[in-house]
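Numbered by mature numbering (1 follows the signal peptide of the UniProt record, and there is no 0), the letters in the sequence shown go through residues -19 to -1, 1 to 561 in order.
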Amino acid sequence: MIFLTALPMFWIMIAASRGGHWGAWMPSSISAFEGTCVAIPCRFDFPDELRPAVVHGVWYFNSPYPKNYPPVVFKSRTQVVHESFQGRSRLLGDLGLRNCTLLLSSLSPELRGKYYFRGDLGGYNQYTFSEHSVLDIINTPNIVVPLEVVAGTEVEVSCMVPDNCPELRPELSWLGHDGLGEPTVLGRLREDEGTWVQVLLLHFMPTREANGHRLGCQAAFPNTSLQFEGYASLDIKYPPVIVEMNSSVEAIEGSHVSLLCGADSNPLPLLTWMRDGTVLREAVAESLLLELDEVTPGEDGIYACLAENSYGQDNRTVGLSVMYAPWKPTVNGTVVAVEGETVSILCSTQSNPDPILTIFKEKQILATVIYESELQLELPAVTPEDDGEYWCVAENQYGQRATAFNLSVEFAPVILLESHCAAARDTVQCLCVVKSNPEPSVAFELPSRNVTVNETEREFVYSERSGLLLTSILTLRGQAQVPPRVICTTRNLYGTKSLELPFQGAHRLMWAKIGPVGAVVAFAILIAIVCYITQTRRKKNVTESPSFSAGDNPPVLFSSDFRISGAPEKYESREVSTLE
């Protein structure tokens, strides 16, 4: 139910008691529609002892003092009034009964103002009351809407118009209320003593869609052409609803990204862009744009827009996917393994979208996955052939990156079949080729002379390593007649291998070169030489024994005609000993 305060009114009274004083009562303000009439209720009093035979009265406009010559609205003695009020004013009350009610008709805007009453009891018994009534001439109904209208909470809206014209009564109706509710007529209500209003109510459940709706009220006076309309825009409060936002966004690294968030609410919401609990931007507005310049993979993620006002809040999220080329792959896993072990190598990277990952060795693909960020390579029971350089390559449509890594397979030494001894002219060279990891030690043993030469004795042995292969060469210089037995022994922490090196060289090739006849002649000469050498050695063994001075290095003797050199013929070598 409404509180009838639209036309506040009270009676102004000068305290008087029976036997009393001058006093008057009238509404402090009163209103009426233009073109209609208004009755200003008025009562007055005077001391009882005056007992006038006739009581007269005067209504003045805008001033209570006659000396100011204010316009006369009504005068009971002479009926002379100001031209503005001619034919438009008359007294409804009986002054003898102390009723000074004034009727004004054909109201127009120039009649808007203050109205004062003066009692005239004859002679000096005249009194102008300072209390007055203010008349307002209106042309629109008054629509009263509660200070706060909240969506979802039932509301009462009223249309109130003055009903102070006894000659014309208004009829009220709602305009533009379809879909809001059914009107309720309260009828004519008294606001305060002497003034009246007509009231029409409308109850409805407001919605956000009805915000800003123009609701009208019409006051019509039957049997006249007078119609007055008033309108009010509904200010309906409601919480935010996010109505505009990007769908998921894909952007290439380094590009510019704009994220838009728009909300519908009343009042305007506080819009906030956030990521991982961090406020990126906020403003009180209908929409808010978040600008991201030169986006990086670190800005990939979920962005939230929060809209809130005093009536509630709403939030939505949008995913930003930053597309970028793979990062350089990282390799975690075994890089050193012992022959026979199982090796597991993990290659991983980051990219968007996920890459194709490939591990290969010597252009041979060993493992691959599509649209994965990790690739596991399993090598069961590794062999020396698995030793070497590997590549992990990651690629997508935005680029390619690769990482090289080495797998070192450790195993016991293996002496390869190409190891042998060969004679050329007066030189015998023994070649020992060893495959091993880690690098092995190599020694040449001549059992017939009980002599061993290590690879570390570089003046005797030349060694060269290439990858997993170690090649050691022992050079014997002298007149090689009988090939010596040479055993190559190699070892590392995983084992030891020995091999008597087979002899290949000029002795086998000589017969093919000289032919059958030459072979017979050569054979006869060889027998003669052997007999001569045998006799000579017997004599020396009897008459001589070798001796060395303190400063000499002991020679390493393999036969009476051989000496050792530490490098193949293409290298300059130092003689170890000579037989005089």
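For each residue, glycine too, the CB sits at the ideal point set by N, CA and C.
Reference residue i; option with closest CA among the options
i    : options                   : result
Y371 : Y379, Q381 and F386       : F386
S422 : A405, S444 and D407       : S444
S65  : W40, D159 and E91         : E91
V39  : A424, L156, E263 and V61  : V61
S154 : L287, A200 and N43        : A200
S332 : I326, G197 and N377       : N377
I118 : I217, E399 and F209       : F209
E148 : G94, S87 and T165         : S87
V265 : P22, G157 and P250        : P250
L388 : P248, L449, W6 and G380   : L449
E420 : S400, D274 and Y475       : Y475
L116 : H237, G380 and S9         : S9
E399 : L31, P483, D257 and R466  : P483
K478 : S453, C413, I396 and W177 : I396
N49  : A5, D29, T109 and R24     : T109
Residues near residue i by beta carbon distance below 8 Å, same chain, minus five either side
i    : result
F341 : L347, Y371, W372 and V374
P122 : C140, M141, V142, L153, C198, Q199, A200, F209, E210 and G211
Residue i to residue j span [Cα, whole Å]
i           : j    : result
W3          : P45  : 15 Å
S12         : P143 : 6 Å
E129        : Y97  : 39 Å
P464        : V317 : 42 Å
Q410        : N418 : 25 Å
R382        : A132 : 59 Å
residue 614 : T311 : Given a span of -19 to 561 for the chain in the structure shown, any question on residue 614 remains unanswerable.
L356        : E280 : 26 Å
M141        : T298 : 48 Å
D75         : S57  : 11 Å
L183        : G175 : 27 Å
A244        : A288 : 7 Å
A306        : S325 : 26 Å
E135        : N192 : 14 Å
P428        : R458 : 18 Å
F529        : A405 : Any answer about F529 is weak, because its pLDDT of 30 lies below 50 and its placement is not dependable; what the coordinates show is given next. Their backbone Cα atoms lie some 31 Å apart in a straight line.
S354        : I233 : 19 Å
I223        : R171 : 48 Å
E343        : A285 : 49 Å
L327        : G235 : 30 Å
Same chain only: Cβ atoms within 6 Å of residue i, ignoring 5 sequence neighbours per side
i    : result
G293 : P220
L269 : C242 and L252
Y352 : D335
V126 : V138 and A213
A424 : T433, N435 and T470
E225 : G243
P361 : T323
I283 : T298 and G300
Range covered by the beta strand (DSSP E) that runs through residue i
i    : result
N387 : G380 to I396
M99  : Note that residue 99 is Arg in the sequence shown here, rather than Met. Note, R99: beta strand (DSSP E), G94 to D101.
E272 : S268 to L273
D26  : R24 to D26
F55  : V53 to K56
E355 : E355 to L360
G300 : G293 to M304
Y105 : Unbroken run through Y105: none, as it is neither H nor E.
V423 : S422 to L427
L251 : L251 to R256
L215 : It is not in any beta strand (DSSP E) - L215 carries neither H nor E in the DSSP assignment.
F66  : F66 -> no beta strand (DSSP E), and no H or E assigned at all.
S12  : S10 to F14
L84  : L83 to L85
K344 : Note, K344: premise wrong, no beta strand (DSSP E); not H, not E.
T259 : T259 to V265
Beta-bridge pairing of residue i - partner residues as DSSP gives them
i           : result
residue 562 : Beyond the ends of the chain as shown, which are -19 and 561, falls residue 562; an answer cannot be given.
F202        : Its beta-bridge partners do not exist; DSSP assigns none.
K48         : Answer is none; K48 lacks a bridge partner.
K309        : Partner(s): none; K309 has no beta bridge.
C402        : C411 and F484
Q331        : The partner list for Q331 (beta bridge, DSSP) is empty, contrary to what the question assumes.
Q179        : V142 and R169
Y41         : V53 and Y97
W155        : C198
Contacting residues, own chain, Cβ-Cβ under 7 Å from residue i (five flanking each side not counted)
i           : result
residue 643 : No answer is possible for residue 643: the residues shown for the chain start at -19 and end at 561.
R262        : W254, L269 and L271
R150        : D144
P51         : Y41, F42, N43 and S44
V350        : L338 and L356
L85         : C18, V19, R69, S70 and L92
E163        : none
heavy atom of the ligand NAD below 6 Å from residue i C-beta
i    : result
P278 : With respect to small molecules bound, the structure shown includes none, and the ligand NAD cannot be examined in it.
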